[in-house]
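Chains as they are written, first to last, in the numbering used here: chain R, 1 to 876; chain H, 1001 to 1876.
The following block contains the structure:
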């Protein structure tokens, strides 16, 4: 075995060497390679980390020699030297794992300072205070990060010093104070470590490198790797980079810049800098920075070099860059470049410009926009400045994006009344139910204490494009007394709050909002998206209004039209309730006969709105008790209005109550007990379709979807009932048309018996909300409470209700796709769960070969983009 | 193509020709073949049925010729002839599908009667009344069954006749009355069919055969075949058999006999007969039948022939036979033989005797007892005679076998108080909860209006071996007013009812019970069972008492020791509640410290009871709210006793409430939020094990089972917590021992990711109750309501909570077994859901290669037998 190479100078690596050099090391090497002035340095490889453990957690002589060689190279390159008492070379030391990981060691700056080099730093920067402050910080960082001495030991000394001087800010301490602190810090070090603070820079360096390697195996990092299936023998690299200082006088400075405007994407350099300053000064905002253009006047040659470099960087990375730079005595250095964060609007404009500039292809442009970002373009957002000064009082789930402010009200009627008075209202509920619909329509936004991302409130709000924060377990909602309590304050009806449905944060008071704008580039970009994607995008829409909204956003059909929402309307609910309370089949049929023309009209209007686009209608799904009141008073008044005994109504309500309604008498199970309900719905669907066909919609082909099928026999029974009813309609009307009968696939048992079910079902639509509930055994209404603990402990990264759990629920889907296609090769496959609008889930649906995804109207553009990305990613 | 054979004389078939001759035809042929005197006849094949449809639903000339040929053969054999006006040959016509099916045509008797043959029958039987009654019945049967004329048309005429004669029984009508009825019946036929009642026996026969074939495709039969995947082209056979009459005088008679005693299995002929009588007379009980032995004196040669035949039958069928016979003018005929129904005690005795007689092998004897029958031997049963005269008032689920009577009470305290007064009480609840435990212990039996076969009431009752009827939706329980209402009556506290946990029936009043007896043959038989079976049988037991009971029944270990039941005891619940209400980790730990010694004692006592047998302990599973009261009053008194504010306690209870508790914050999810709970339990398990190890139980190896794992990361996290706690115990005690950590597999997601989970789990135990709930999406507490509709409509034959759904839930299990073994070859696999004691489910567990099943103590003998049967069936 020849001599191993464990250390790479930045000029020796490249971005392809991530597994050896770690992410950070590979990036520093890349910048060096493309000719940018990067403060020189070197990377100790991940392989060295592995050997470190084999050597008994110590650096071995050959490695130390190799490090020394690279150190000397840097010294030569910079004409400075390590330990130089006049112009010392200082280093930063940083860990650099392939995958970044909590618990790993962070950064040590200014390594190389000691009692004598600190003086050199003072004279070379002409700033003694800065030098000693740097030394003080270095001692603390080294002691804490590398040697494990608790930070508080140093911080309390700093506090004491400030107290004794009667000042409140660190910056108010003078050189002399800081010198004293350095002495005190060194004493702490000696006390805790049993030896003097190491003065030898080389010793400082070796201890720091060992500390980085050791941190690879600290308990938090091990647990993290365990939970995320990261091999324990990957190891981390260590990056050692020379320090540069922007505070060495008038020909020094520091700044940050974007190669294009991150707010709107305009192709102009955008940035700020400060002369004679450090990076943190720019951020701290104590001095007002200069616009980047001013650099042209102050240091024209540096400015030209900088502009040149930004062009190289954009070309190299083919994207707008966010750059950190420092000028040390007229020499420009790049400390970091990365793809710049940007607003959605900027992202679109930049992507389109880059394509038109010939820098990237249309396909590449697809990956430049985070699909979820598009939400920003469709909903109002809070004014950034006002937001900074607002009080965050609670945090829930970001259930439906947008920003809303208003007075709080605790029930639907009060919200409606408030709206009637011209007030803006936020509906605050323990959780919402279908009875709250009108209140939700009247409200600016909705806040619930319970329920997950797919709770009633969340689903309905997203459908409406209305802002909603759900499952906010930080608050207790006392609906009876109209109070909303957080740990520290109690709000009453009429108090103002603001909610951000994109972050889940609840603020006190009324915050200004900004309306979004759609640019011409948006539709250009979305056209490209549609050229590329293969998945069709449908929408979940229950009304002509939703359908119209979705078509505006590019929906190609309805994948889920829920018929129950139609049942809750004021004009219909009495007949629905009469149907439920009926004693006999005859009474039930009579009530259903009353509902028939209304449902027929619903479908007629939706067909008209959708034109030739496909429409999938799901038959009644929720348990019947959702349609009945549960408060004594309401029960009484209902009994009176129905002309039946209160006792009888109560008995019926009691007999319908369920321990676990989610797993109860709902979906197709209702139709097995009361086939006449689905018969009425099937009749309405077909009669309405014949009506529009007569009016010229020749190709209409309704898709009838049976929910909650778990067993083939359920489908056989129900299908025979509705086919029989439909044949009656054909006979009565003397007219036939094509229609499909298919099923939701939302029960685990349906997935593993999909081959049987496909024999009767002409299409499957995955109901991933319920499939996740049952597959995971998580109630979406209740899981908010514990899923936070799951995230905190790293057990689940994301709620499976937000992001499809590909590894588990996805396996059930794959099984269903495979089995379903086995029995019926041309079975049409889609998804209509909320995941149909979540980008990574859409990509998964593309991968497993679904034909379409269906999502709420406001998610349609996101799904379109995600579908296009899936195609592009597949080609990479 | 040569001439097809569509008709088989009974002497031409055999029991192997079921698919051609149908079940009934094959059996008649078999009896004929072994030389028994069977009234001759013939079978028209299922293939003829298929051709019948191809021919346009009509019999074709060749077939009619073939039928005629076989008719003539019968005529020759019997020396009687069809249409003979003096001694007419009459026939029965019956359908005979391969698989019997609801909706298919039933039986037509006395075919061949007409206006002239009826006279021949009168003279040959010497009983004119009988002849006309037979004719009347034949017209009705033929009209109704074959021609579809509603039965009510005839029945109303019969009623009119009885009214006009002032009599109430059919038997009070005289010959003349019946003659008039015959005329009236014929008029009805003419009215409805537009032609005279067919007088030609051949025409009667052809119409009847066509009716049988046509009934194959009546709607109910089609739906049934659809639901049960029976091919529609199987067709049905038709059996045409000559009638014999036992009422032709003193040398005629009829009877039924068992070859051994069906009550206790004694090897002695057991039966009854009547001279000069018809089959229905024996059943009707108007005349007192003679014991079979008396036949020896009356007709010695017939008796000898009969005894000889019974021996042949037993040898041939190798089982005790239930025989129907008729003697017509001194000639003995066998009309039916089948394996006789018998009590469990008889079944055991007969099986053991047959083995000892050398007639069957031990392995064959395994199949002679329906495992569920063993239940009869372990529980009391109602006295059959009293039962017949009792009023059945409702029917629920047969949740836990046994028979119980008592006064009804509506809460646990009242039951306890009643027991204190020396009364026998039945606990009647909407549904039970853990708080009812003491009431359940005091009660004779338990009746609930809600909840399925695996509801709390059912599971706990089975564990106790206590009679329970659950999910009785026929009743409404008003706990507040202490009323139990059925559709027609209202019972009050203190009223007597009796419940049969083996049938689910609720009776009014107090019914006498018989205690079971265990014979020596029982243990002999069970020894054979144990020799043969391969599955190990464990028990679900939470207390030393249950464990002892289970060992008595042959349990080889504990497969599920639920730790939560221990939490409900009076002495512990305060600490449990304090733990739940705690605000801080410290308070919670303090409460847990109080529980630790109690849990340790629980485990210590169970280990001691179980000796060297394995014990699997499941850590806390139910949601915390189950431990808190929900009534205002109780909450108040709890708050007072805990010294906290009522408001605070209410807030906590509110914050713990869940919409779907089944899918809520329970099982391992609790331990992710509160790892200290499982830590305490793990500590108790290990400390107790060290204690018994010190006392000499060297091989003790506790099995720690984590419930509700759905994701590998849950298990990793929890395992690291409890392993850490256990290592602390080892250190404190200076002693180690082996233990296993495994999981319940009860979440669908766990099944499809079992390969991942098996990397950390040393054993899997299928929790098929929850797996069925989540896999099917059926709440076991609520599904009782709609599962009846499923059964009524033939969608599910059995509740999947009673009988494992092998096709769906079983697939998930198979997947888990396969994936689990892939990652960990020697993973130990068991089942601890209620299905572990259900015979067909046990067989399935054997088939998919589990190592053991675990069930409630009283199901252990049943599981043992089912496991042995699985081995035997595999060899067939």
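C-beta: ideal position from N, C-alpha, C; glycine also.
| Are the CB atoms of residue 28/R and residue 241/R nearer to each other than 8 Å? | Here residue 28/R refers to the residue found at position 28 when the first chain is read from its first residue. Here residue 241/R refers to the residue found at position 241 when the first chain is read from its first residue. Yes, the pair counts as a contact, with Cβ atoms nearer than the cut-off.
| Residues bridged to residue 1072/H by DSSP? | Against the second chain, residue 1072/H aligns to sequence position 72. Partner(s): none; residue 1072/H has no beta bridge.
| field | Cutoff 7 Å; reference residue 1616/H; Cβ partners in own chain excluding five residues on either side | value | Stepping through the second chain from its first residue, residue 1616/H is reached at position 616. Cβ contact annotation for residue 1616/H (same chain, cutoff 7 Å, sequence separation greater than five): 1558, 1559, 1560, 1561, 1703, 1705, 1765, in chain order.
| said: Checking 8 Å against the spacing of the C-beta atoms, do residue 1289/H and residue 1306/H come in under that value? | reply: Here residue 1289/H refers to the residue found at position 289 of the second chain. Here residue 1306/H refers to the residue found at position 306 of the second chain. The answer is no: Cβ separation not under 8 Å.
| request: Spell out whether any CB of chain R is found under 8 Å from the CB atom of residue 1651/H. | output: Translated into the one-based positions of the second chain, residue 1651/H becomes position 651. Closer than 8 Å: yes.
| said: Please report whether the beta-carbon of residue 658/R lies at a distance below 8 Å from any beta-carbon of chain H. | reply: Locating residue 658/R in the first chain gives position 658, where the first residue counts as 1. Closer than 8 Å to some Cβ of chain H, the Cβ of residue 658/R qualifies, so yes.
| request: Just mark residue 1/R as buried or exposed, buried being the case when its beta carbon has 16 or more other beta carbons within 10 Å. | output: Numbered from its first residue, the first chain carries residue 1/R at position 1. For residue 1/R, the predicted model reports a pLDDT of 43, less than 50, meaning its position is unreliable; a value from the coordinates is still stated below. The residue in question, residue 1/R, is exposed, as its Cβ has fewer than 16 Cβ neighbours within 10 Å.
| task | Would you please verify whether the beta carbon of residue 1075/H is less than 8 Å from any beta carbon of chain R? | result | Working through the second chain from its first residue, we reach residue 1075/H at position 75. By this cut-off, residue 1075/H is not an interface position.
| field | For residue 88/R, the residue or residues it bridges with in DSSP | value | Counting from 1 along the first chain, the entry for residue 88/R is found at position 88. Bridge partners of residue 88/R: 81/R.
| task | Note down, in chain order, all residues in the region 1710-1721 of chain H with a beta-carbon under 9 Å from any beta-carbon belonging to chain R. | result | 1710, 1711, 1712, 1713, 1714, 1716, 1717, 1720
| task | Measure the beta-carbon distance from residue 1437/H to residue 1460/H and round it to whole angstroms, keeping in mind my assumption that it falls under 8 Å. | result | The count along the second chain starts at 1 and reaches residue 1437/H at position 437. The count along the second chain starts at 1 and reaches residue 1460/H at position 460. At roughly 7 Å, the Cβ-Cβ gap stays under 8 Å, so residue 1437/H and residue 1460/H are in contact.
| Is DSSP giving residue 1793/H helix, strand or coil here? | Taking the second chain and counting its residues from 1, the one referred to as residue 1793/H is at position 793. It is coil, neither helix nor strand.
| field | Sequence-distant residues of the same chain with beta carbon closer than 7 Å to residue 1291/H, five excluded per side | value | Along the second chain, read from residue 1 onward, the residue named residue 1291/H stands at position 291. Closer than 7 Å at Cβ, skipping near neighbours: 1272.
| request: Could you tell me whether the region 83-97 of chain R touches the region 105-114 of chain R, using the rule of 3 or more Cβ pairs below 8 Å? | output: yes
| request: Note down, in chain order, all residues in the region 785-806 of chain R with a beta-carbon under 8 Å from any beta-carbon belonging to chain H. | output: 785, 786, 789, 790, 793, 794, 795, 796, 805
| Applying the criterion that 16 or more other CB atoms from any shown protein chain within 10 Å of the CB defines a buried residue, is residue 1490/H buried or exposed? | Counting from 1 along the second chain, the entry for residue 1490/H is found at position 490. Counting Cβ neighbours within 10 Å, residue 1490/H comes out exposed, since fewer than 16 surround it.
| Length of the line joining the Cα atoms of residue 787/R and residue 1717/H | One-based indexing of the first chain puts residue 787/R at position 787. One-based indexing of the second chain puts residue 1717/H at position 717. Looking at the two C-alpha atoms, the distance is approximately 14 Å.
| Closest by CA to residue 1496/H, which one among 1418/H, 1211/H, 1064/H? | On the second chain, residue 1496/H is found 496 positions in, with the first residue counted as 1. It is 1418/H.
| request: Inspect the CB distances between the region 1822-1832 of chain H and the region 1762-1776 of chain H and report whether three or more fall short of 8 Å. | output: yes
| said: Measuring alpha carbon to alpha carbon, tell me which residue in 163/R, 300/R, 57/R is nearest residue 332/R. | reply: Within the first chain, numbered from 1, the residue matching residue 332/R stands at position 332. Checked all of 163/R, 300/R, 57/R; the closest Cα to residue 332/R is 300/R.
| request: Give the single residue among 158/R, 413/R, 626/R whose Cα lies nearest to the Cα of residue 652/R. | output: Numbered from its first residue, the first chain carries residue 652/R at position 652. Ranking the options by Cα distance to residue 652/R, first place goes to 626/R.
| Contact set for residue 944/H: own chain, Cβ-Cβ below 8 Å, skip 5 residues either direction | Nothing about residue 944/H can be read from this structure; chain H reaches only from 1001 to 1876.
| task | Report yes if the C-beta distance between residue 543/R and residue 462/R is below 8 Å; otherwise report no. | result | Position 543 of the first chain, counted from the start, is the residue given in the question as residue 543/R. Position 462 of the first chain, counted from the start, is the residue given in the question as residue 462/R. Here residue 543/R is not near residue 462/R, since their CB atoms are 8 Å or more apart.
| Excluding the five sequence neighbours on either side, which residues of its own chain have a C-beta within less than 7 Å of the C-beta of residue 1013/H, listed in chain order? | Reading the second chain from its first residue, position 13 is the one you call residue 1013/H. Cβ within range, chain order: 1021, 1025, 1026, 1029, 1043.
| message | In whole angstroms, give me the CA-to-CA distance for residue 714/R and residue 1434/H. | response | In the first chain, the residue the question calls residue 714/R occupies position 714. In the second chain, the residue the question calls residue 1434/H occupies position 434. Going from the Cα of residue 714/R to the Cα of residue 1434/H covers about 34 Å.
| request: Tell me, please, which residues DSSP counts as bridged to residue 1618/H. | output: Sequence index remark: in the second chain, residue 1618/H carries index 618 (1-based). Bridge partners of residue 1618/H: 1562/H, 1705/H.
| Rounded to a whole number of angstroms, what is the C-alpha to C-alpha distance between residue 223/R and residue 1856/H? | Here residue 223/R corresponds to residue number 223 of the first chain, with the count starting at 1. Here residue 1856/H corresponds to residue number 856 of the second chain, with the count starting at 1. About 39 Å.
| Neighbour flag for residue 774/R against chain H, beta carbons, 8 Å | Within the first chain, the letter at position 774 stands for residue 774/R. Yes, residue 774/R lies at the interface with chain H (some Cβ there is under 8 Å from its Cβ).
| field | Alpha carbon of residue 1174/H to alpha carbon of residue 1155/H, nearest angstrom | value | Locating residue 1174/H in the second chain gives position 174, where the first residue counts as 1. Locating residue 1155/H in the second chain gives position 155, where the first residue counts as 1. Their backbone Cα atoms lie some 17 Å apart in a straight line.
| request: To the nearest angstrom, report how far apart residue 1734/H and residue 1676/H are at their CA atoms. | output: By one-based count along the second chain, residue 1734/H stands at place 734. By one-based count along the second chain, residue 1676/H stands at place 676. So the two alpha carbons sit approximately 22 Å from each other.
| query | With a cut-off of 8 Å, does the C-beta of residue 1001/H fall near any C-beta of chain R? | reply | Here the question's residue 1001/H lines up with position 1 in the second chain. Low confidence applies here, because residue 1001/H scores a pLDDT of 44, under 50, leaving its location unreliable and the question unanswered by this model.
| field | Closest Cα partner of residue 784/R within the set 800/R, 697/R, 794/R, 774/R | value | Locating residue 784/R in the first chain gives position 784, counting from the first residue. It is 800/R whose Cα lies nearest to the Cα of residue 784/R.
| message | Could you compute how far the alpha carbon of residue 638/R sits from the alpha carbon of residue 684/R? | response | Here residue 638/R refers to the residue found at position 638 of the first chain. Here residue 684/R refers to the residue found at position 684 of the first chain. Rounded to whole angstroms, residue 638/R to residue 684/R spans 27 Å at the Cα level.
| query | Exposed or buried, which one is residue 725/R when buried takes at least 16 other CB atoms within 10 Å? | reply | Counted from its first residue, the first chain places residue 725/R at position 725. Burial call: buried.
| said: Using the Cβ count rule (16 or more neighbours within 10 Å means buried), how would you classify residue 72/R? | reply: The count along the first chain starts at 1 and reaches residue 72/R at position 72. So residue 72/R ends up on the exposed side.
| task | My understanding is that residue 1894/H touches residue 1602/H, with C-beta atoms under 8 Å, so please give their C-beta distance in whole angstroms. | result | Nothing about residue 1894/H can be reported from this structure: the residues present for chain H run from 1001 to 1876 only.
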